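Below is one structure, written out as structure tokens; the observations come after it.
In the numbering used here, the protein residues as written are 331 to 859.
Structural data, given as structure tokens:
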């Protein structure tokens, strides 16, 4: 596969990074809009996105955009920390690993890259990876197997390849992809506006406007996940060709890079590495579902690019020594076995669904940060691997499509007005009707009859806002043609009944409430007990 030159690739990476950032802000805006919909319907029905889009954008949309930038910065700069925690990377210094750090720093200097931190994964499989950039957010990692198998020239070629990824902006794109996926998964996990279980279908019958809200919430979830997967598919195969070319350019030793690839190629997979295969020096090829070019393509490209530099007479550097402590440096103590609260398979897939977020789980962030990190990583991994759900555009699983369609048809028949006014049925199912119901509920007691044309009850102290809401409600009711269809107060009554029933179940039958909402409880060990 032909690769672009360095300048072209770096410029393309910068443009793609900006495009992904804008997509992130857009995705966050959609998520924020969906998340605020119910809240605004209840507490600020006059400024939700359905009744007043411009007012919503001025009052809430700009704040969400600012929050998205802050969240993006936090996730972007935390990419290295997330990878280090998931792969059990141990950050090392020159005193602890002089050979590794010296060669890696020389490679970074040759490419004009600021020194990242350096780390080691104690696994016998040979591989390397780079994440982030700079001394605070960057990390260059080698496995113990890589350091033991490769001589100094081979290591220099590998680390030059990794440093090139920093220089040409590849690690920036992968960090943005991490931010997109984390945000999408977080919304998938915490989105209350989605159809997941059969019990939720009763809600669609009692509260028709919830049908549109749930379908829109599911669509936003699927769109955010689609954007994250689009970013992952946008990782170009040519990035490894360009990095190989840069490694040959700065080392002038193509044989070292070729021999390193022969020693590492196809042998670098270790536990958990599949989730981060885009970061690895050696990972699955594109025809295997990965984001790397095939090894034979890389061999051919390096041979064509560095053919004039190849020679058999060059002496290879090799300073590998038995692993014994140097004079004045204390040998590292044996590390205790790490807790594994969420077992995974060989490719990093969690074996069981992680527990549903609760206040006790969130409290682990302060009382047991390691348990909280493991729960977060397991949650993200669980949803990243769930591509086999085959959900449709609205986020509905195949087994739920027919029941949802049946309930939709039943709801339309049940709520169809006697005068066959299609405008009324559209108004009944529209989210704006939900906003009016909530505005009516928040406007105080409502008295009906010829003695109360404005809907105000004598003796009740209404606020000015409630009086204005009553006036608007009376005007809307007066402007509607009278019909024999369901009364306008039906939705309000059913809404009140549903809220009371939900509170009763939540207080008196918490176990039933958990089953209805699909809650997965955490074990005492996962809660740090």
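Think of the CB as a built atom: it goes at the ideal place given N, C-alpha and C, for glycine as much as any other residue.
For clarity, every value in this text was computed on a predicted model and none was experimentally measured.
Tell me which same chain residues have a C-beta within less than 8 Å of the C-beta of residue 841, skipping the five on either side of it?
Within the chain shown, residue 841 is the residue found at index 511, counting from 1. Here the set comprises nothing.
According to the Cβ coordinates, are residue 410 and residue 464 closer than 7 Å?
Reading the chain shown from its first residue, position 80 is the one you call residue 410. Reading the chain shown from its first residue, position 134 is the one you call residue 464. It is not a contact, given that the beta carbons lie outside the stated cut-off.
Please determine, among 571, 537, 449 and 730, the residue with the shortest C-alpha to C-alpha distance to residue 423.
Sequence index remark: in the chain shown, residue 423 carries index 93 (1-based). Nearest C-alpha to residue 423: 449.
Which complete alpha helix (DSSP H) runs does the segment 480 to 537 hold, if anything under 4 residues is left out?
For the segment 480 to 537, whole alpha helix (DSSP H) runs of length 4 or above, ordered along the chain, are 482 to 497, 500 to 520 and 531 to 536.
When you compare only the Cα positions, how much space is there between residue 431 and residue 491?
Here residue 431 refers to the residue found at position 101 of the chain shown. Here residue 491 refers to the residue found at position 161 of the chain shown. If you take the alpha carbons of residue 431 and residue 491, they lie about 15 Å apart.
Report the CB separation of residue 498 from residue 578 in whole angstroms; it is logged as a contact under 8 Å.
Counting from one through the chain shown, the residue named residue 498 turns up at place 168. Counting from one through the chain shown, the residue named residue 578 turns up at place 248. Not quite, the Cβ-Cβ distance comes to about 15 Å (not below 8 Å), so this is no contact.
Assess contact between the segment 722 to 738 and the segment 542 to 558, defined as three or more Cβ pairs (one per stretch) separated by less than 8 Å. Is contact present?
Touching, yes.
Using DSSP with H/G/I as helix, E/B as strand and the rest coil, what is residue 724?
Translated into positions along the chain shown, residue 724 becomes position 394. Three-state DSSP puts residue 724 in coil, outside helix and strand.
Identify the continuous alpha helix (DSSP H) that holds residue 430 and give its terminal residues.
As a position in the chain shown, residue 430 is number 100, starting the count at 1. Segment 428 to 440, the alpha helix (DSSP H) holding residue 430.
Quick check on residue 469: does DSSP put it in helix, strand or coil?
Within the chain shown, residue 469 is the residue found at index 139, counting from 1. DSSP places residue 469 in strand when its eight states are reduced to three.
Find out if the Cβ-Cβ distance for the pair residue 443, residue 412 is shorter than 7 Å.
Taking the chain shown and counting its residues from 1, one reaches residue 443 at position 113. Taking the chain shown and counting its residues from 1, one reaches residue 412 at position 82. No, the Cβ-Cβ distance between residue 443 and residue 412 is not below 7 Å.
Under 8 Å Cβ to Cβ from residue 732, same chain only, skipping five residues before and after it: list those, please.
Position 402 of the chain shown, counted from the first residue, corresponds to residue 732. Cβ within range, chain order: n/a, list empty.
Roughly how many angstroms separate the alpha carbons of residue 398 and residue 574, rounded to a whole number?
Counting from one through the chain shown, the residue named residue 398 turns up at place 68. Counting from one through the chain shown, the residue named residue 574 turns up at place 244. Answer to the nearest angstrom: the Cα atoms are 36 Å apart.
What is the C-beta distance between residue 787 and residue 541, in whole angstroms, given that I count them as a contact (C-beta under 8 Å)?
In the chain shown, the residue the question calls residue 787 occupies position 457. In the chain shown, the residue the question calls residue 541 occupies position 211. Contact flag wrong, Cβ pair sits at about 33 Å.
Using a Cβ-Cβ cut-off of 7 Å (strictly less than) and excluding sequence neighbours within five positions of residue 664, which residues of its own chain qualify?
Mapped onto the chain shown, residue 664 falls at position 334. Unreliable positioning characterises residue 664 in this predicted model, as indicated by a pLDDT of 49, which lies under 50. The coordinate reading is nonetheless provided below. The answer is none, since no qualifying residue turns up.
For residue 346 and residue 507, what's the separation of their Cα atoms in angstroms?
As a position in the chain shown, residue 346 is number 16, starting the count at 1. As a position in the chain shown, residue 507 is number 177, starting the count at 1. Their backbone Cα atoms lie some 11 Å apart in a straight line.
Can you say whether residue 821 is buried or exposed, counting buried as having 16 or more other CB atoms within 10 angstroms of its CB?
Reading the chain shown from its first residue, position 491 is the one you call residue 821. Legend: pLDDT at residue 821 = 49, less than 50; position of this residue unreliable, value from coordinates given subsequently. Label assigned to residue 821: buried.
How about residue 589 and residue 455: do their beta carbons lie closer than 7 Å?
In the chain shown, residue 589 corresponds to position 259, counting from 1. In the chain shown, residue 455 corresponds to position 125, counting from 1. Contact flag unset, no.
To the nearest angstrom, how far is the alpha carbon of residue 438 from that of residue 466?
Walking along the chain shown from the start, residue 438 turns up at place 108. Walking along the chain shown from the start, residue 466 turns up at place 136. Answer to the nearest angstrom: the Cα atoms are 15 Å apart.
List the DSSP bridge partners of residue 372.
On the chain shown, residue 372 is found 42 positions in, with the first residue counted as 1. The partner list for residue 372 (beta bridge, DSSP) is empty, contrary to what the question assumes.
Buried or exposed: which applies to residue 637, given that a residue is buried once 16 or more other Cβ atoms fall within 10 Å of its Cβ?
Within the chain shown, residue 637 is the residue found at index 307, counting from 1. So residue 637 ends up on the exposed side.
Alpha carbon to alpha carbon, what distance is there between residue 525 and residue 446?
Start at 1 with the first residue of the chain shown, and residue 446 comes out as number 116. Start at 1 with the first residue of the chain shown, and residue 525 comes out as number 195. So the alpha carbons of these two residues sit roughly 44 Å apart.
Our contact map puts residue 609 next to residue 513 with C-beta atoms below 8 Å; I'd like the distance itself, whole angstroms only.
If you number the chain shown from 1, residue 609 lands on position 279. If you number the chain shown from 1, residue 513 lands on position 183. That belief does not hold up - the Cβ atoms of residue 609 and residue 513 are roughly 19 Å apart, past 8 Å.
Pick helix, strand or coil for residue 753, following the three-state DSSP scheme.
The residue given as residue 753 occupies position 423 in the chain shown. It is helical.
Which residues bound the beta strand (DSSP E) around residue 448?
The residue labelled residue 448 in the question sits at position 118 within the chain shown. Looking at the DSSP string, the run of the beta strand (DSSP E) that includes residue 448 is 447 to 451.
Could you spell out where the beta strand (DSSP E) holding residue 786 opens and where it closes?
Against the chain shown, residue 786 aligns to sequence position 456. Taken as a continuous stretch (DSSP letters only), residue 786 belongs to no beta strand (DSSP E), as it is neither H nor E.
Could you check the C-alpha separation between residue 436 and residue 486 for me, to the nearest Å?
Along the chain shown, one-based indexing puts residue 436 at 106. Along the chain shown, one-based indexing puts residue 486 at 156. Cα to Cα, the separation comes out at about 8 Å.
Taking the beta carbon of residue 791 as the centre, do at least 16 other beta carbons fall within 10 Å, making it buried, or is it exposed?
Position 461 of the chain shown, counted from the start, is the residue given in the question as residue 791. Exposed, by the Cβ-count rule.
State the CB to CB distance for the pair residue 672 and residue 687, rounded to an integer number of angstroms; the pair is presumed to be in contact (CB under 8 Å).
Along the chain shown, read from residue 1 onward, the residue named residue 672 stands at position 342. Along the chain shown, read from residue 1 onward, the residue named residue 687 stands at position 357. In fact, because the Cβ distance is near 14 Å, the residues do not count as touching under 8 Å.
Which whole-angstrom value describes the C-beta separation of residue 595 and residue 635, a residue pair presumed to lie in contact below a C-beta threshold of 8 Å?
Reading the chain shown from its first residue, position 265 is the one you call residue 595. Reading the chain shown from its first residue, position 305 is the one you call residue 635. That pair is no contact at about 18 Å.
Around the C-beta of residue 404, are 16 or more other C-beta atoms found within 10 angstroms, so that it is buried, or is it exposed?
To locate residue 404, count along the chain shown from 1; it is residue 74. The residue is exposed, with fewer than 16 neighbouring Cβ atoms inside 10 Å.
Is the beta carbon of residue 593 less than 7 Å from the beta carbon of residue 474?
Translated into positions along the chain shown, residue 593 becomes position 263. Translated into positions along the chain shown, residue 474 becomes position 144. For residue 593 and residue 474, no; Cβs fall outside 7 Å.
Is the beta carbon of residue 598 closer than 7 Å to that of residue 378?
Position 48 of the chain shown holds residue 378. Position 268 of the chain shown holds residue 598. Their beta carbons are not under 7 Å apart, which means residue 378 does not touch residue 598 by this criterion.
Under the rule that 16 or more other beta-carbon atoms within 10 Å means buried, what is residue 561, buried or exposed?
Taking the chain shown and counting its residues from 1, the one referred to as residue 561 is at position 231. Classification of residue 561: buried, given that the 10 Å Cβ count is 16 or more.
May I ask you to report which of helix, strand or coil DSSP gives residue 706?
Residue numbering aside, residue 706 sits at position 376 when the chain shown is read from its first letter. If DSSP states are grouped into helix, strand and coil, residue 706 belongs with the helices.
Please go through the same chain and pick out, in chain order, the residues whose beta-carbon is closer than 6 Å to the beta-carbon of residue 392, but skip the five residues on each side of it.
On the chain shown, residue 392 is found 62 positions in, with the first residue counted as 1. Once the five neighbours on either side are set aside, residue 392 has no close Cβ partner at all.
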